[in-house]
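**Q** Below is the structure I would like to discuss, written out as structure tokens.
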Amino acid sequence: MEDTPEANILLNYIRENKETNVTDEIDSYLKESINVNTIVDVYTVEQLKVKALRSEGRADPFYGILYAYISTLNIDDETTKVVRNRCSSCGYIVNESSNTFTFCNKDSSRLKSVFLSFDLLVDLTDHTGTLHSCSLTGSIAEETLGCTLISSHRARAGLKVSILSCKLADPTEASRNLAGQGHT
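This is how it looks when you write it as structure tokens:
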């Protein structure tokens with residue numbers, strides 16, 4: 001079997017993007033197009049799970065407020081990356097070995113630089129249950145954790161829910177919702 005240039009290009013693309021999250025494009029679109037101040041529907045974990053089951057595989061996103069706490073934040077697991085490199089132009093996850101993203105959809109005429117970004121999976125829990133493996137990334141993760149990432153030459157290489165905003169809730173409002181007395 002003979003190698004063709006097209007096959008080599010495809011193979012290189014797959015190798016470079018094997019760590020890229022398939023939903024990066026959707027996440028990027030959602031973050032750019034959603035005004036979180038317009039979201040008013042309040043859900044419980046149980047309501048979100050029921051709504052997801054009813055959608056039967058359709059990927060139509062819906063938005064709401066969830067009064068919950070982070071019940072799992074595992075940053076010690078060796079199989080999970082906490083920090084990833086992202087393309088400075090489009091925000092896609094970049095292959096760590098190359099530190100460049102050659103398939104940027106913003107301006108493909110030149111290679112892009114990268115920036116460090118949190119890429120965490122957390123569990124969110126309220127009085128009705130737990131949502132596992134929720135995505136907490138980028139500036140929202142920095143805001144939630146109260147810290148930022150700084151690049152260092154000494155640094156080592158190395159049901160989908162995306163959190164669009166996270167802030168400390170009013171204690172009275174949060175306790176009312178965590179106790180199941182909130183408005184839905």
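In terms of UniProt numbering, the sequence shown opens at residue 1 and continues consecutively. Virtual Cβ for every residue (Gly too), placed ideally from N, Cα, C.
Classify D126 as buried or exposed, calling it buried when 16 or more other Cβ atoms lie within 10 Å of its own Cβ.
**A** Taking the first residue of the sequence shown as position 1, residue 126 is located at position 126. Flag for D126 reads buried.
**Q** Grouping DSSP H, G and I as helix and E and B as strand, with all else coil, what is T72?
**A** Taking the first residue of the sequence shown as position 1, residue 72 is located at position 72. In this structure, T72 counts as strand in the three-state DSSP scheme.
**Q** Would R86 be called buried (16 or more neighbouring beta carbons within 10 Å of its own) or exposed?
**A** The residue labelled residue 86 in the question sits at position 86 within the sequence shown. Buried: at least 16 other Cβ atoms inside 10 Å.
**Q** Measure how close the beta-carbons of E46 and T128 come, nearest whole angstrom, since I'm counting them as under 8 angstroms.
**A** For the purposes of this step, residue 46 is taken as the residue at position 46 of the sequence shown. For the purposes of this step, residue 128 is taken as the residue at position 128 of the sequence shown. That pair is a contact at about 4 angstroms.
**Q** Comparing C-alpha positions only, which one of L120, L131 and C90 sits nearest to L66?
**A** Taking the sequence shown and counting its residues from 1, the one referred to as residue 66 is at position 66. If we check each option's Cα against that of L66, L131 comes out closest.
**Q** Under three-state DSSP, which class holds L149?
**A** The sequence position of residue 149 within the sequence shown is 149, counting from 1. Residue state, collapsed to three classes: coil.
**Q** When DSSP labels each residue in this structure, what does I34 get in the three-state scheme?
**A** The residue labelled residue 34 in the question sits at position 34 within the sequence shown. Of the three classes helix, strand and coil, the one that applies to I34 here is coil, per DSSP.
**Q** Can you give the beta carbon distance from S71 to D123, rounded, assuming they're within the 8 angstroms contact cut?
**A** Here residue 71 refers to the residue found at position 71 when the sequence shown is read from its first residue. Here residue 123 refers to the residue found at position 123 when the sequence shown is read from its first residue. 5 angstroms between Cβ atoms; contact.
**Q** Tell me the rounded alpha-carbon separation between Y63 and D41.
**A** Start at 1 with the first residue of the sequence shown, and residue 63 comes out as number 63. Start at 1 with the first residue of the sequence shown, and residue 41 comes out as number 41. Approximately 7 angstroms, taken between the alpha carbons.
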